[in-house]
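In order, the protein sequences belong to chains A and B.
First residue of the first sequence? That's 1 in the UniProt record's numbering, and the numbers climb one at a time after it.
First residue of the second sequence? That's 1 in the UniProt record's numbering, and the numbers climb one at a time after it.
Scroll down for the structure; my scribbles are underneath it.
2 protein chains.
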Amino acid sequence: MENKLPETIYDVPTPCMLVDLNRVKANCQRMIDRCMTLGVELRPHMKTHKTIEGAILMTGGNKRKIAVSTLAEAEFYAENDFDDILFAHPLISQRLDRCVALANRLEVFHVMIDSRYALESLKQKTLNSGKKWSVLLEVDCGYGRSGVPWDDDEAVQLVKMAASSHNIIFRGLYTHCGDSYTSCTLDVAKRQQVQDNTTNRLIGLKDRIKREGIECKTVGCGSTPSCSKPTKDMSALTEFHPGNYIFYDVMQMTIGSCAIEEIAVKIATSVVSHKASVNMFLTDSGFASLGADGVSYINSQPSGFTVFPDHPELKLIGMSQELGKVQPIEGKLDLNKYPHGTRLFIHPWHSCDAAMMHPHYYVHSGEQIIGIWKPVRGW
Amino acid sequence: MENKLPETIYDVPTPCMLVDLNRVKANCQRMIDRCMTLGVELRPHMKTHKTIEGAILMTGGNKRKIAVSTLAEAEFYAENDFDDILFAHPLISQRLDRCVALANRLEVFHVMIDSRYALESLKQKTLNSGKKWSVLLEVDCGYGRSGVPWDDDEAVQLVKMAASSHNIIFRGLYTHCGDSYTSCTLDVAKRQQVQDNTTNRLIGLKDRIKREGIECKTVGCGSTPSCSKPTKDMSALTEFHPGNYIFYDVMQMTIGSCAIEEIAVKIATSVVSHKASVNMFLTDSGFASLGADGVSYINSQPSGFTVFPDHPELKLIGMSQELGKVQPIEGKLDLNKYPHGTRLFIHPWHSCDAAMMHPHYYVHSGEQIIGIWKPVRGW
């Protein structure tokens with residue numbers, strides 16, 4: 001199948017994942033330009049697509065400065081000549097040997113700490129002669145997930161201990177402002193408040209650290225909603241690390257991060273069964289190809305939690321493993337309009353999850369299939 | 001990693017999927033024995049595990065009589081000397097060429113129809129000399145998904161047309177009683193009612209077909225809840241085709257299909273971050289390794305929608321891609337009991353979805369890792 005490409009998006013086998021290369025390029029370039037304008041460096045996150053081709057576009061071709069969510073990604077990119085890689089996941093000692101190999105191999109490999117435990121683990125691991133660990137403090141600016149709370153004295157204490165360690169270069173601060181997703185509804189004021197709070201808390205911590213005589217070269221913040229619509233305050237940061245924006249999705253559209261025309265992925269699916277008795281037809285795209293994340297938003301808007309871009313009259317009302325249930329948003333379904341085998345396209349709720357379900361993505365320009373991208377999997 | 005096996009379930013890298021071989025064997029044997037006792041044939045469904053090793057155990061070693069949800073599975077099993085394979089998905093003409101190859105290659109390859117469209121597609125495709133399509137009618141006995149409604153005259157009409165086609169052998173009836181999941185709550189009476197309704201509707205249709213002079217050799221019904229706890233009436237059926245029972249999961253336990261001691265899969269995860277400020281710790285198992293299906297049941301029971309078998313005091317309260325948020329079911333968390341790196345195990349809500357997230361499964365007997373199973377992926 002991989003040897004001979006299908007000609008068009010109407011010829012790909014269903015279900016499959018389609019990546020719109022022109023939209024991807026535009027999404028990537030827009031983020032590069034935005035960061036340039038703000039005077040902020042961009043360290044794109046790879047977790048959404050996990051491919052070489054996507055990473056090249058996100059880094060503007062220079063293959064430097066990326067963030068990853070797994071060591072499998074880090075190793076995959078290292079093997080493919082990427083460098084300056086940040087492992088953006090809380091560190092545990094079980095993963096240290098692989099981190100040592102990456103740190104020794106790469107020019108720069110960054111890790112994060114959010115505890116004395118992680119710091120001590122690093123201090124006990126020696127790198128090749130002359131090399132030191134490049135360490136960021138992970139900060140929780142109110143999202144409530146990983147990281148040291150921004151207002152906790154422990155944040156400054158940890159930085160002092162890191163900066164004075166013989167085998168560590170303290171690099172700066174990292175935060176993920178996941179609260180910018182604000183319950184997946186469009187609430188611009190609330191999102192901007194989150195972004196400003198996050199920024200000010202991070203800058204405040206940087207200043208407290210500076211009073212101890214320690215410089216944060218990097219003050220980085222991520223999340224696609226905040227980096228797609230940055231507030232003025234955010235130019236005080238040095239680095240953005242969003243990831244999802246390469247593809248965007250219905251969730252991001254719902255939040256207001258993107259327009260529907262910027263969503264660069266869709267699942268190609270076929271009508272496989274007619275159920276006039278329940279005003280429905282079935283497609284061959286269930287959660288095995290669309291991903292299940294977001295199902296709880298299935299009634300959040302008229303079209304459900306996904307969008308059929310060419311058929312705004314349709315709503316995905318449920319999924320099993322390999323079947324999707326589709327009804328009209330209102331009225332009686334005219335099944336003659338959707339014969340068996342009809343090709344439909346679906347923008348997924350969460351492209352990070354949908355992409356994970358696929359061994360490869362078909363890449364298209366307009367209707368033409370022009371390539372296949374193969375993501376790395378596992379951990 | 002695959003070359004040298006980790007020694008025990010405490011040495012596997014996290015996150016990963018663990019398969020308890022002894023439980024799998026017991027689950028498989030119990031279903032084989034149950035079918036034997038009822039005088040019903042077993043055609044296990046492969047969609048949950050998608051491995052050769054699991055299929056051998058489910059078929060009692062004879063590699064015959066299986067159901068699959070994708071053609072990728074059908075081709076994978078055909079290449080590995082399995083035969084008598086049922087493609088249990090609504091047929092569309094785009095998939096016919098691959099079906100022809102399977103039908104020509106295998107001794108028996110069954111397909112399902114639920115429309116004149118599907119029937120006509122088959123009639124137009126000739127198999128190798130002497131071969132005929134083996135066709136089942138997919139029936140909807142009230143679940144409301146694919147299949148012709150049991151009480152629709154079209155069911156009998158389709159069978160008559162199929163039985164009189166020159167290149168078709170009409171084999172019988174197939175239904176998936178997905179309504180036996182009864183909103184994922186334990187409601188034994190309601191489930192039994194669904195099972196009896198399904199059975200009686202299917203047998204009623206079989207009798208109506210017989211009055212037309214056509215025999216249904218196969219009258220098959222599936223779903224793990226109904227086949228794990230069959231009612232007496234179900235012995236009137238000729239074939240069961242459940243799939244999930246090889247692994248079971250928290251959803252099946254909640255419905256009453258299995259005991260917790262029969263759940264044969266768990267995700268191995270590590271404590272990666274402490275968050276005393278929000279009475280929580282984080283693990284490295286998010287929806288990328290646990291699957292997102294079932295998140296809407298996250299508050300359905302005290303332990304959430306997953307179970308920590310060795311730590312009944314814990315609850316998974318949320319997931320992002322690579323992080324799980326864990327709190328105590330009640331009271332204040334003593335983080336000293338869960339140091340960084342602590343190995344935990346989680347039974348997933350839906351093992352079909354969780355398994356799909358993993359490139360391979362580590363198989364263990366007691367605490368010893370004894371092998372790796374590699375599932376087929378794609379469509």
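C-beta atoms are modelled at their ideal positions from N, C-alpha and C, and glycine is treated no differently.
Note that this is a predicted model, so its numbers are computed, not measured.
Name, in chain order, the residues that DSSP records as bridge partners for A/P149. Residue 149 of chain A sits at position 149 when you count from the first residue of the first sequence. A/P149 is bridged to A/D140.
Touch test, the stretch 30 to 46 of chain A against the stretch 54 to 69 of chain A, Cβ-Cβ under 8 Å, three pairs minimum: yes
Short of 8 Å in beta carbon distance, which residues of its chain neighbour A/I56, apart from the five on each side in sequence? Order them along the chain. Within the first sequence, residue 56 of chain A is the residue found at index 56, counting from 1. Cβ neighbours of A/I56 beyond the five flanking positions: K63.
Buried or exposed for B/Q252, please, with buried defined as at least 16 other CB atoms from any protein chain shown within 10 angstroms of its CB. Position 252 of the second sequence, counted from the first residue, corresponds to residue 252 of chain B. The residue in question, B/Q252, is buried, as its Cβ has 16 or more Cβ neighbours within 10 Å.
Give me whichever residues DSSP pairs with B/V19 in a beta bridge. Within the second sequence, residue 19 of chain B is the residue found at index 19, counting from 1. DSSP, once it has assigned bridges, lists B/V265, B/V363 as partnering B/V19.
Can you find a C-beta in chain B that's less than 7 Å from the C-beta of A/F109? The count along the first sequence starts at 1 and reaches residue 109 of chain A at position 109. A/F109 does not count as touching chain B.
Hey, is B/G378's beta-carbon within less than 7 Å of any beta-carbon in chain A? As a position in the second sequence, residue 378 of chain B is number 378, starting the count at 1. So yes, B/G378 belongs to the interface.
Would you verify that the beta carbon of B/I260 is, or is not, closer than 7 Å to some beta carbon of chain A? For the purposes of this step, residue 260 of chain B is identified with residue 260 of the second sequence, where counting begins at 1. Closer than 7 Å: no.
Less than 7 Å between C-beta atoms, sequence neighbours within five positions excluded: which residues of the same chain meet that for B/D152? Position 152 of the second sequence, counting from 1, holds the residue named residue 152 of chain B. Contacts found: none.
At a CB-CB cut-off below 8 Å, which residues of chain A make contact with B/M17? Within the second sequence, residue 17 of chain B is the residue found at index 17, counting from 1. Here the premise fails: no neighbours, minimum Cβ distance about 11 Å.
Nearest residue (CA-CA) to B/Q195, options B/S300, B/S165, B/A236: As a working mapping, residue 195 of chain B is identified with position 195 in the second sequence. Out of B/S300, B/S165, B/A236, B/A236 has the C-alpha closest to the C-alpha of B/Q195.
Give the DSSP bridge partners of B/D83, in chain order. Working through the second sequence from its first residue, we reach residue 83 of chain B at position 83. Looking at the DSSP assignment, B/D83 forms a beta bridge with B/R64.
Distance CB(B/T126)-CB(B/G172) smaller than 7 Å: Residue 126 of chain B sits at position 126 when you count from the first residue of the second sequence. Residue 172 of chain B sits at position 172 when you count from the first residue of the second sequence. Contact: no.
So B/L71 and B/W379 are supposed to be a Cβ contact under 8 Å. How far apart are they, rounded? Translated into positions along the second sequence, residue 71 of chain B becomes position 71. Translated into positions along the second sequence, residue 379 of chain B becomes position 379. Confirmed, about 7 Å.
Using a C-beta cutoff of 7 Å, does B/Y117 count as contacting chain A? Position 117 of the second sequence, counting from 1, holds the residue named residue 117 of chain B. Yes, B/Y117 lies at the interface with chain A (some Cβ there is under 7 Å from its Cβ).
Where A/S289 sits in the DSSP three-state scheme: Here residue 289 of chain A is taken as the residue at index 289 of the first sequence, counted from 1. Correct three-state label for A/S289: helix.
Which residues does DSSP list as the beta-bridge partners of A/Q327? Position 327 of the first sequence holds residue 327 of chain A. Per DSSP, A/K315.
Contacting positions in the stretch 27 to 47 of chain A - beta carbon closer than 8 Å to chain B: K47
B/L290 beta carbon less than 7 Å from that of B/I260: Here residue 260 of chain B corresponds to residue number 260 of the second sequence, with the count starting at 1. Here residue 290 of chain B corresponds to residue number 290 of the second sequence, with the count starting at 1. Contact: no.
I'd like to know whether the C-beta of A/L282 is nearer than 7 Å to at least one C-beta of chain B. Along the first sequence, read from residue 1 onward, the residue named residue 282 of chain A stands at position 282. It does; some Cβ of chain B falls within 7 Å.
For B/T218, name the three-state secondary structure that DSSP assigns. As a first step, residue 218 of chain B is located in the second sequence; it is residue number 218 there, counting from the start. Residue state, collapsed to three classes: strand.
Enumerate in chain order the residues of its own chain whose CB-to-CB distance from B/L86 is below 6 Å, with the five nearest sequence positions on each side excluded. Position 86 of the second sequence holds residue 86 of chain B. These residues qualify, in order along the chain: A67, H110.
Are the CB atoms of A/L335 and A/H274 within a distance shorter than 7 Å? Here residue 274 of chain A refers to the residue found at position 274 when the first sequence is read from its first residue. Here residue 335 of chain A refers to the residue found at position 335 when the first sequence is read from its first residue. The answer is yes: Cβ separation under 7 Å.
Decide if A/D293 is buried, meaning its Cβ has at least 16 other Cβ atoms within 10 Å, or exposed. The count along the first sequence starts at 1 and reaches residue 293 of chain A at position 293. With 16 or more other Cβ atoms within 10 Å, it is buried.
In terms of residue numbering, what span does the beta strand (DSSP E) encompassing A/Q193 cover? Translated into the one-based positions of the first sequence, residue 193 of chain A becomes position 193. That residue, A/Q193, is in no beta strand (DSSP E); its alpha helix (DSSP H) goes 188 to 211.
Taking DSSP as the reference, what is the three-state secondary structure of A/E2? Counting from 1 along the first sequence, the entry for residue 2 of chain A is found at position 2. Unreliable positioning characterises A/E2 in this predicted model, as indicated by a pLDDT of 49, which lies under 50. A coordinate reading is not provided.
Cβ closer than 7 Å: which chain B residues qualify as neighbours of A/S69? Translated into the one-based positions of the first sequence, residue 69 of chain A becomes position 69. Here the neighbours are Q321, E322.
First through last residue of the alpha helix (DSSP H) which encompasses A/Y117: In the first sequence, residue 117 of chain A corresponds to position 117, counting from 1. From DSSP, the alpha helix (DSSP H) with A/Y117 extends over 116 to 123.
Rounded to whole angstroms, what is the Cα-Cα separation between B/I370 and B/S351? Numbered from its first residue, the second sequence carries residue 370 of chain B at position 370. Numbered from its first residue, the second sequence carries residue 351 of chain B at position 351. Cα to Cα, the separation comes out at about 21 Å.
Starting from A/G341, follow the beta strand (DSSP E) in both directions and report where the run begins and ends. The residue you call residue 341 of chain A lines up with position 341 of the first sequence. No beta strand (DSSP E) contains A/G341, which DSSP labels as neither H nor E.
When we look at the beta-carbon of residue 452 of chain B and count the other beta-carbons within 10 Å, is it buried (16 or more) or exposed? Since the displayed chain B opens at 1 and closes at 379, residue 452 of chain B lies outside it and no answer follows.
Verify the CB distance criterion: does B/S277 have a CB-CB separation below 7 Å to chain A? Taking the first residue of the second sequence as position 1, residue 277 of chain B is located at position 277. B/S277 counts as touching chain A.
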